[in-house]
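Read the structure below first, then the notes.
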Amino acid sequence: MKKRKFLCIVLSFHMLFCMGGCVQAPRETDTKARFCPENDIITYEPVDFDKTVITIGTYAPCNSDPVELAIEAQFPDVDIVVLEQASIPDIQTHVRQPAVQRELEDIIFTGYLQDMEVSDSIFYDLSAEDFTSLYNQSVLNNMSSGGSLYQLPINSSIQGIFYNKSLFESYGWEIPETIDAFYKLCDEISAQGIRPFVPCFKYSPDGVGLGFSNRAIFSTMDKRQQYELFCSGQASCKGLLEPYFEVHKTLYDRGIVVDDDFSSSLTRNRHALYEGKIAMLPEQLTMFSLYEDEQPECEIGFIGYPTDTPGERWMQMVQGRSIALSKASMEDPDKKQTLLDILAFLSTNEGQAALLEVFSGLSSVKSAQANLREEYWDVQNCIENGQIFFAGRIGNDQHNPILKAYLEGKLTLEQVLEQTDTMVKESYADREPEEPVGTAAEEFTVLETSVFIADAMRFATGAEIALIPHRTYYTGNLAKFYEGDVTMMYPFYLRGLGAGDYLTTYEITGADLKKLMEHPIINGEEINALYAFSGLKMEYAPWRAWDKNVIKLTLEDGSEIEDGKRYTVAAWPTSIDESYLTSALNVHSKLGSNIDLVTSAVKQAGTISPAKDHRLTLRWD
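In structure tokens form, the structure reads like this:
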């Protein structure tokens, strides 16, 4: 099944651009009007308008085919259309925009939205639905507020302790039942010349400290609330995180944690675990998939963090992707029950299997958890006994040197608490609203925005033509301009580009240019997608078979493209397959990233509007 790609159409900031009319475009219903607009390409596969059309918005890169196929097999009267969205770091800020809320898809795959006020305005409350009882209650409790439940978990990961099972059996070591037993075991392992417990603090020490001290930190509702407020810069960690720092100090003073653990490689540590050089390694459960691919000779197991209570271990659950229903869509009587039925299906074992093909991790549906593999035995124990805790990160990477200074005796406990408070509060104080870089006179489509970028690329480089993949996750644009102040430039970040990948001018023959526009190849794979362009004119049929999408292609003045002639084309590295390129002429490093380019173009124009110069005509026949 061909993966659906989703596009829109065109714009510029000072070059007039006018979309050609939607020839023979179906207009019998609002649904047809949405999917066959004059200035947009929503999907390259024809939509079955005789069925109930349901859209799914994905805010992270994924191959959604397993979910799409599973839903359509279960509901033959439903046609699923997946809309890929810009992958953004702050969806909570993104969805505050009224325009974003208006165009929200029917079903949304996203990260957990903690702002309940925002959730209430855009998502449907699922708390009264029967299928929510299929989920693990501890997970739902973490996602609920005030009796409302706006999202259901798709996948989670578990933070615990991997151990070399073969090594344990060889030396007769037993799984520690208490923290004291853990410390004693570490001494025994060290006596054999083996590192007992090796965390990777390079990225975050949170998991280890919270894992060993979770009973003290999360023992009451008041403390859990204090922790959440602390993580958002609204409360102090004093009277709360003392056990967290103290357990780290104990690990360091006993020689279990060493200075190198603040810079060590997780990959190196993982292989050292396989080789028996390390006995225990704290990490997320998803490491099992790496272990299986790497085919080590040993066996590994996975347990929770021990407590003072014999036999009681706890694990940290890390929430992954979530699923929600659009509040606006649920007001549509023709869709409401269908959407609820789909969510009920996705909450079954069959539905969960499809979801976890797309998003790897652990299901939160109780019946699916009951079928966990044997190696997950302690995961099952912890889940069944409610010995699972959720916790946000303690600050950012600046936390590491503060913690290390405390371990080395350079800071007292009081001082490390004060500095941690300051670090978290400052990180939130720095999040000032962005200053507008310009104004959009009206809302753009995504493709109109892509064309704006293409024009900016062409004008900045002096190339004859500029091309940017539209609605592709790698090296392509998925963002758009909204009417009013132009802010939030981070959606214009092009994934798949390295720090040294700058806008480049290439030479391409006319013959290869024609092939390229019909057969885009990204990451070695031919895809059904459109290059947003500047310097060309095209008639394009999105719903025709591949090889027949491009009806007519000329230069912007209508003159023919000569097969043997070489044309200069501005493009981002890797966005055009090398097989189409004759040579690279110039690397424009001074232009910076795509964000820099777009920001500069908007600032230069001041006020921007969609271009209207008939460069692209859509044919829906």
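For the sequence shown, my numbering puts the final residue at 1438, and the numbers step up evenly by one.
For every residue, glycine included, the Cβ atom is placed at its ideal position computed from N, Cα and C.
This one's a predicted model, so the numbers in the text were calculated from it and none came from an experiment.
| Check | Outcome |
| --- | --- |
| Alpha carbon of residue 1074 to alpha carbon of residue 1132, nearest angstrom | 20 Å |
| Identified DSSP bridge partners for residue 1348 | 1286 |
| Range covered by the alpha helix (DSSP H) that runs through residue 1430 | From DSSP, residue 1430 is part of no alpha helix (DSSP H); its letter is neither H nor E. |
| Check whether residue 1344 and residue 1386 have beta carbons under 8 Å apart | no |
| Start-to-end residues for the beta strand (DSSP E) that takes in residue 1353 | 1353-1357 |
| Alpha-carbon spacing of residue 1431 relative to residue 849, whole angstroms | 23 Å |
| Alpha-carbon spacing of residue 1094 relative to residue 1011, whole angstroms | 5 Å |
| Option in 1224, 959, 1226, 1396 with minimal Cα separation from residue 1208 | 959 |
| Distance cut-off 7 Å: residue 1036 Cβ against heavy atoms of the ligand ZN | You won't find the ligand ZN in this model; it holds no ligand whatsoever. |
| CB contact flag (residue 1137, residue 962, <8 Å) | no |
| Nonlocal neighbours in the same chain, by C-beta distance under 8 Å from residue 1254, ignoring five residues either side | 1303, 1304, 1306, 1416, 1419, 1420 |
| Nearest candidate by alpha-carbon position, reference residue 927, set 1175, 1292, 1196 | 1175 |
| Nearest-angstrom beta carbon gap, residue 1259 and residue 1300 [assumed within contact, 8 Å] | 5 Å |
| Assigned exposure category for residue 922 - 16 Cβ within 10 Å defines buried | buried |
| Residues of its chain near residue 1048, where Cβ-Cβ distance is below 6 Å and the 5 sequence neighbours each way are ignored | 1209 |
| Stretch pair the stretch 995-1014 + the stretch 1094-1112: three plus CB contacts closer than 8 Å | yes |
| Selected residue, minimal CA-CA separation from residue 1361, among 934, 1346, 1354, 1352 | 1346 |
| Proximity to residue 1241 [Cα-Cα], best of 983, 1263, 1051 | 1051 |
| Simplified DSSP assignment, three categories, for residue 1309 | helix |
| At least 3 beta-carbon pairs within less than 8 Å: the stretch 1366-1383 vs the stretch 1284-1294 | no |
| Buried versus exposed call for residue 872 [16 or more other C-beta atoms within 10 Å across all chains shown] | buried |
| Local Cβ density within 10 Å of residue 1195, reported as buried at 16 or more and exposed below that | buried |
| Residues that residue 1099 bridges to, as DSSP identifies them | 978 |
| From 894, 892, 935, 864, residue whose alpha carbon lies closest to that of residue 900 | 864 |
| Member of 1191, 1192, 1167, 1193 whose CA lies at the smallest distance from the CA of residue 1182 | 1167 |
| Separation of residue 886 from residue 867, as counted between CA atoms | 18 Å |
| According to DSSP, residues forming a beta bridge with residue 1275 | Answer is none; residue 1275 lacks a bridge partner. |
| For residue 1238 and residue 1226, the rounded distance between their alpha carbons | 19 Å |
| Residue 941 beta carbon less than 8 Å from that of residue 1440 | The question about residue 1440 has no answer, for the chain in this structure spans 818 to 1438. |
| Sheet register partners of residue 1326 (DSSP bridge) | 1383 |
| Which residues DSSP lists as bridging residue 1369, in chain order | 1356 |
| For residue 1134: DSSP bridge partner residues | 975 |
| Environment of residue 1126 [buried if 16+ CB atoms lie within 10 Å] | exposed |
| Buried versus exposed call for residue 840 [16 or more other C-beta atoms within 10 Å across all chains shown] | Since pLDDT at residue 840 reaches only 42, below the 50 mark, its modelled position is unreliable, and no value is offered. |
| Pairwise C-alpha distance: residue 1188 and residue 1273 | 54 Å |
| Rounded straight-line distance, which links the Cα of residue 955 to that of residue 995 | 24 Å |
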